[in-house]
Amino acid sequence: MSTVLILGDFSGDKATKTTAELATAGARIGAVTAVVLAPAGKGAALAATVNQGPIQSVIVLESDDFASHGVAASADALANLVKEKSPAAVLIASHAFGKEVAARVSILTDSGIITDAIDVAADLTATQSVFGGSTTVKSKVSHGTPVITVRPNSVEADFSASTPAIENGAATVGADAKKAKVSSSQPPVKGGRPELTEANIVVSGGRGTDGNFTAVETFADSLGAAVGASRAATDAGWYPHSHQVGQTGKTVSPALYVACGISGAIQHRAGMQTSKTIVVVNKDPEAPIFDIADFGVVGDLFNVLPKATEGVLAKKG
Amino acid sequence: MKIAVCVKQVPDSWAEKKMVNGTLDRENVDAVLNDLDEYAVEEALRIVEAHGGNEEGGPHTVTLISMGPDRATEALRKGLSMGANDAILVSDASLAGSDAIATSAVLAKVIADGGFDLVICGTESTDARMSVVPAMISARLGWAQLTFASKVAVDPAGKVSITRVTEAGVDEISADFPAVLSVVEKINEPRYPSFKGIMAAKKKTIEQKDLAAVGVAAQSAWSQVNEATPRPARAAGVKVNDEGDGGSALVTFLAEKKLI
Ligand SMILES: Cc1cc2nc3c(=O)[nH]c(=O)nc-3n(C[C@H](O)[C@H](O)[C@H](O)COP(=O)(O)OP(=O)(O)OC[C@H]3O[C@@H](n4cnc5c(N)ncnc54)[C@H](O)[C@@H]3O)c2cc1C
Ligand SMILES: Nc1ncnc2c1ncn2[C@@H]1O[C@H](COP(=O)(O)O)[C@@H](O)[C@H]1O
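Taken in sequence, the protein lines are chains A and B. With this note's numbering, letter number 126 in the first sequence gets 127, and the count goes up by one each step, no holes. With this note's numbering, letter number 126 in the second sequence gets 132, and the count goes up by one each step, no holes.
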């Protein structure tokens, strides 16, 4: 059976659920080997957290170049492994880092690339949702080793426990990939809420919150949801930029997206239109966001959300 | 300093986009300068202005580079009217339907031949939405990659440093020239072209080249679209007016959908 390489996705020192999603998609194509890029001495601990999803083996590449030279170093090491293993495909998480690593791997290995797949089939056909979700496209790489980035939260993951065989490989990083020097790195500040791109439910607030996110956060917490924001809200400094949803923020596709006090500009929609169910609270009945809503309440979010929070809590008993 | 800015002409964000024969129909929509590339043009101008400007005959220049159809000259005029010195447009019938791999090959060759110190890109083209071209150019040229910059500081003697902001956090990164940058939209507020700028742009040079002149062989895309289906329109949703019971109606909807 052919091998599929997936690039292990980590948050802090733990594999994310995206890693299991990549494995699930990869297992349709071949035997999954997860690649763990780790700082020197940290490989075994990181690899031990790659324990969910249909993963046959883990290859650990250790090097301090990953932290000190960023994307280019990671891509070099992965590309060299791809050349050595000739896998059937390489699957990587579709976020800024993952897409840039994929971009470089495709150039270094002379391979075609598809980004932002929401699904990958056994025959390597990738499904993408393009033009703000208005068109579904199926495409296939026709040259080299298909390099495909998969959007977090899109593939229904098999989370069954796995105990992959762990082996160590050599991280090979060329001189060109060391030209950029990272002098400091700060991980994102993590709150107690779920990660935006991985959350099953996202509740977002916009200019309509007028800077007060309490109602939005309280409702989100009643649902166990992540909190998002429009650019109007992040620009005003009401909510951190890392929570911005949209074209220049994050792309989310949760089971439920609740937009509160958000008008629905095209740039906002670009980041949330593939959500399975969309609920809107907005006091302007003409707001364009209602066009894509499955359920909309025309009303003041400061009245509607507290009542809804009460209702959810009551249902949960 | 010689700075190149990669700019793309894209269909207007608001236009309805359609697929024709597996590629985006670019003929029948209004086209504009990719708005995320305006930040790249602005940043290039701010960099040269902080070090003596880009007046004719001066030490610094900003050159726009684009690959696209003939009419991409309209988008280039916009960048020129903001203040860039000149532009290069690679236009060739065989480039229609190019993927990012081919695009980056063309852009990288033009950049390599131009003797630039820095290349600045947007983070994403609003039509392709791949965010891969800057990294590909860097990989092809073997130049340092400094992407997703929310802040750029340049020492004209040959050093550049950025603050990179992504979902993975905030990094401080630096490199010697030459380097490939991309800038996020938080970095600056692009200027509106002044009347003087618009008039001056009419006289600026847009050098148009075909593939042979660039010296790159035509290459078909390495990925193909086999199927494109318009997503079924969302069934018209339910809309209720809040008369004090909007919150509970919302909860009932969520319960019906088994979302709680
Ligand atoms: C290059 C570029 C990139 C961009 N990227 C993004 C992006 O990634 N993400 C993004 O979101 N935007 C982005 N934008 C901005 C986008 O165009 C809009 O300006 C922004 O999304 C508007 O945010 P908003 O809906 O919160 O505010 P507004 O458009 O002002 O809408 C506020 C809404 O709140 C409603 N409201 C007010 N008070 C209440 C109340 N008490 N109760 C209920 N409803 C109320 C109003 O009726 C209105 O519909 C980008 C723009 C550009 C040019
Ligand atoms: N055809 C093109 N011509 C010039 N620049 C481009 C072209 N395509 C992409 N770019 C640059 O690469 C960036 C990222 O584009 P993309 O990878 O397509 O999302 C854009 O913001 C531009 O700066």
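Heads up, the beta-carbon is just placed ideally off N, CA and C, and yes, glycines get one too.
### Query
Any idea what DSSP makes of Leu152/B, helix, strand or coil?
Position 146 of the second sequence, counting from 1, holds the residue named residue 152/B. For Leu152/B, the three-state secondary structure derived from DSSP is strand.
### Query
Whole alpha helix (DSSP H) runs in the stretch 28-61 of chain A with 4 or more residues, listed along the chain?
Counting only runs of 4 or more residues that sit fully inside the stretch 28-61 of chain A, the alpha helix (DSSP H) segments are 44-48, in chain order.
### Query
Hey, Lys143/B and Val125/B are a contact pair by Cβ (cut 8 angstroms); roughly how many whole angstroms apart?
Translated into positions along the second sequence, residue 143/B becomes position 137. Translated into positions along the second sequence, residue 125/B becomes position 119. Note on identity: in this sequence residue 143/B is Ile, with Lys being the wrong assignment. Rounded to the nearest angstrom, the Cβ distance from Ile143/B to Val125/B is 6 angstroms, consistent with a contact under 8 angstroms.
### Message
Please report the distance separating the alpha-carbon of Asp66/A from that of Lys179/A.
### Response
In the first sequence, counting from the first residue as 1, residue 66/A sits at position 65. In the first sequence, counting from the first residue as 1, residue 179/A sits at position 178. The straight-line gap from Cα to Cα measures roughly 7 angstroms.
### Query
Sorted by chain position, which residues of the same chain lie with C-beta nearer than 6 angstroms to Thr211/B's C-beta, five sequence neighbours on each side aside?
Stepping through the second sequence from its first residue, residue 211/B is reached at position 205. Cβ within range, chain order: Asp92.
### Task
Could you check what DSSP says for Phe291/A in three-state terms: helix, strand or coil?
The residue you call residue 291/A lines up with position 290 of the first sequence. Three-state result, Phe291/A: helix.
### Task
May I ask you to check if the CB of Thr129/B is nearer than 8 angstroms to at least one heavy atom of ligand 2?
What you label residue 129/B is simply residue 123 of the second sequence in a count that begins at 1. Yes, ligand 2 has a heavy atom inside 8 angstroms of this Cβ.
### Message
Given 8 angstroms as the limit, tell me if His269/A has its C-beta closer than that to any heavy atom belonging to ligand 1.
### Response
The count along the first sequence starts at 1 and reaches residue 269/A at position 268. Checking the Cβ of His269/A against ligand 1 gives yes.
### Query
Quick one: Cα of Val148/A to Cα of Asp295/A, how far?
If you number the first sequence from 1, residue 148/A lands on position 147. If you number the first sequence from 1, residue 295/A lands on position 294. Using only the alpha carbons, I get a separation of about 35 angstroms.
### Message
On the criterion of 16 or more Cβ atoms from any shown chain inside 10 Å, does Tyr45/B qualify as buried, or is it exposed?
### Response
Residue numbering aside, residue 45/B sits at position 39 when the second sequence is read from its first letter. By the Cβ-count criterion, Tyr45/B is buried, with 16 or more other Cβ atoms from all chains shown falling within 10 Å of its own Cβ.
### Message
Tell me the DSSP secondary structure of Ile266/B in three-state form.
### Response
In the second sequence, counting from the first residue as 1, residue 266/B sits at position 260. Three-state DSSP puts Ile266/B in coil, outside helix and strand.
### Message
Which same chain residues end up closer than 7 angstroms to Glu101/A when comparing Cβ atoms and leaving out the 5 residues on each side of it in sequence?
### Response
As a working note, residue 101/A is residue 100 in the first sequence. Correct list, in chain order: Val72.
### Query
When Cβ atoms are compared, which residues of the stretch 105-120 of chain A fall closer than 8 angstroms to chain B?
Here the close residues are Arg105, Ser107, Ile108, Leu109, Ser112, Gly113, Ile114, Ile115, Thr116 and Asp117.
#### Entry: Cα-Cα separation between Ile7/A and Pro199/B, rounded to whole angstroms
For this step, residue 7/A is matched to residue 6 along the first sequence. For this step, residue 199/B is matched to residue 193 along the second sequence. Straight across, the Cα-Cα distance linking Ile7/A with Pro199/B is about 46 angstroms.
### Task
To the nearest angstrom, report how far apart Pro195/A and Asp216/B are at their CA atoms.
Here residue 195/A corresponds to residue number 194 of the first sequence, with the count starting at 1. Here residue 216/B corresponds to residue number 210 of the second sequence, with the count starting at 1. In this structure, the straight-line span from the alpha carbon of Pro195/A to that of Asp216/B is close to 50 angstroms.
### Task
Taking Asn247/B as part of the beta strand (DSSP E), name the residues at either end of that continuous run.
As a first step, residue 247/B must be located in the second sequence, where it is residue number 241. From DSSP, the beta strand (DSSP E) with Asn247/B extends over Val244 to Asn247.
### Message
I'd like to know whether the C-beta atoms of Val121/A and Gly250/A end up nearer to each other than 9 angstroms.
### Response
As a position in the first sequence, residue 121/A is number 120, starting the count at 1. As a position in the first sequence, residue 250/A is number 249, starting the count at 1. In this structure, Val121/A sits away from Gly250/A, with a CB-CB distance that is not shorter than 9 angstroms.
### Task
Quick one: residues in its chain with C-beta nearer than 7 angstroms to the C-beta of Ala141/B, no 5 flanking neighbours on either side, listed in chain order?
In the second sequence, residue 141/B corresponds to position 135, counting from 1. Closer than 7 angstroms at the Cβ level, and outside the excluded window around Ala141/B, lie Gln151 and Thr153.
### Query
When the cut-off is 9 angstroms and only beta carbons count, does Ala118/B lie next to chain A?
Start at 1 with the first residue of the second sequence, and residue 118/B comes out as number 112. No Cβ of chain A is located within less than 9 angstroms of the beta carbon of Ala118/B.
### Range covered by the alpha helix (DSSP H) that runs through Ser243/A
Sequence index remark: in the first sequence, residue 243/A carries index 242 (1-based). In the DSSP assignment, Ser243/A falls outside any alpha helix (DSSP H) and carries neither an H nor an E.
### Query
According to the Cβ coordinates, are Ala49/A and Ala39/A closer than 9 angstroms?
Along the first sequence, read from residue 1 onward, the residue named residue 49/A stands at position 48. Along the first sequence, read from residue 1 onward, the residue named residue 39/A stands at position 38. No, Cβ-Cβ distance for Ala49/A and Ala39/A is not below 9 angstroms.
### Query
In terms of alpha-carbon separation, which member of Ala89/A, Ile115/A, Ser107/A and Asp285/A lies closest to Asp77/A?
Counted from its first residue, the first sequence places residue 77/A at position 76. Looking at the Cα atoms, Ser107/A is the closest of the given residues.
### Query
Roughly how many angstroms separate the alpha carbons of Lys192/B and Gly229/A, rounded to a whole number?
Position 186 of the second sequence, counted from the first residue, corresponds to residue 192/B. Position 228 of the first sequence, counted from the first residue, corresponds to residue 229/A. Cα to Cα, the separation comes out at about 18 angstroms.
### Query
Whose C-beta lies closer than 6 angstroms to the C-beta of Val282/A among residues of the same chain, with five residues either side of it excluded?
On the first sequence, position 281 is the one that residue 282/A refers to. Around Val282/A: Cys261, Val298, Leu302 and Val305.
#### Entry: Near ligand 1: Ala155/B beta-carbon under 8 angstroms from a heavy atom
As a first step, residue 155/B is located in the second sequence; it is residue number 149 there, counting from the start. No, ligand 1 has no heavy atom inside 8 angstroms of this Cβ.
### Task
Write down the C-beta distance between Gly9/A and Thr20/A rounded to the nearest angstrom, noting that I regard them as a contact closer than 8 angstroms.
Taking the first sequence and counting its residues from 1, one reaches residue 9/A at position 8. Taking the first sequence and counting its residues from 1, one reaches residue 20/A at position 19. Contact holds; Cβ gap of about 5 angstroms.
### Query
Helix, strand or coil for Gln15/B per DSSP?
Position 9 of the second sequence, counted from the first residue, corresponds to residue 15/B. Strand, per DSSP.
### Task
Inspect the beta-carbon positions of Ala10/B and Val68/B and report whether they are closer than 9 angstroms.
Indexing the second sequence from 1 puts residue 10/B at position 4. Indexing the second sequence from 1 puts residue 68/B at position 62. Going by C-beta atoms, Ala10/B is nearer than 9 angstroms to Val68/B.
### Query
Are there 16 or more other CB atoms within 10 angstroms of the CB of Arg32/B, so buried, or fewer, so exposed?
Translated into positions along the second sequence, residue 32/B becomes position 26. Buried, since its Cβ has 16 or more Cβ neighbours within 10 Å.
### Query
So, is Arg232/A buried or exposed, given that buried needs 16 or more other C-beta atoms within 10 angstroms?
Counting from 1 along the first sequence, the entry for residue 232/A is found at position 231. Around the beta carbon of Arg232/A, 16 or more other beta carbons sit within 10 angstroms, so the residue counts as buried.
### Query
Taking Cβ-Cβ distances below 9 angstroms as the criterion, which residues of the stretch 290-307 of chain A are in contact with chain B?
Cβ contacts with chain B come from Phe291, Asp292, Ile293, Ala294, Asp295, Phe296, Gly297, Val298, Val299, Gly300, Asp301, Asn304, Val305, Leu306 and Pro307.
### Query
Looking only at C-alpha atoms, which of Gln268/A, Leu314/A, Thr275/A and His242/A sits nearest to Asp133/B?
The residue labelled residue 133/B in the question sits at position 127 within the second sequence. Closest by alpha carbon: Gln268/A.
### Query
What residues sit near ligand 1, counting only those whose C-beta is closer than 5 angstroms to one of its heavy atoms, in chain order?
Shown in chain order are the residues whose CB sits closer than 5 angstroms to a heavy atom of ligand 1: Gly207/A, Arg208/A, Gly209/A, Ser231/A, Arg232/A, Ala233/A, Gly247/A, Gln248/A, Thr249/A, Gly250/A, Gly262/A, Ile263/A, Ser264/A, Ala266/A, Gln268/A, His269/A, Asn283/A, Lys284/A, Asp285/A, Ala288/A, Asp301/A, Leu302/A, Asp41/B and Glu191/B.
### Message
Please report the distance separating the alpha-carbon of Ala114/B from that of Arg146/B.
### Response
The sequence position of residue 114/B within the second sequence is 108, counting from 1. The sequence position of residue 146/B within the second sequence is 140, counting from 1. If I take the Cα positions, the gap works out to 7 angstroms.
### Query
When the Cα atoms are used, what is the spatial distance from Leu224/A to Met136/B?
Working through the first sequence from its first residue, we reach residue 224/A at position 223. Working through the second sequence from its first residue, we reach residue 136/B at position 130. Straight-line Cα distance between these residues: approximately 32 angstroms.
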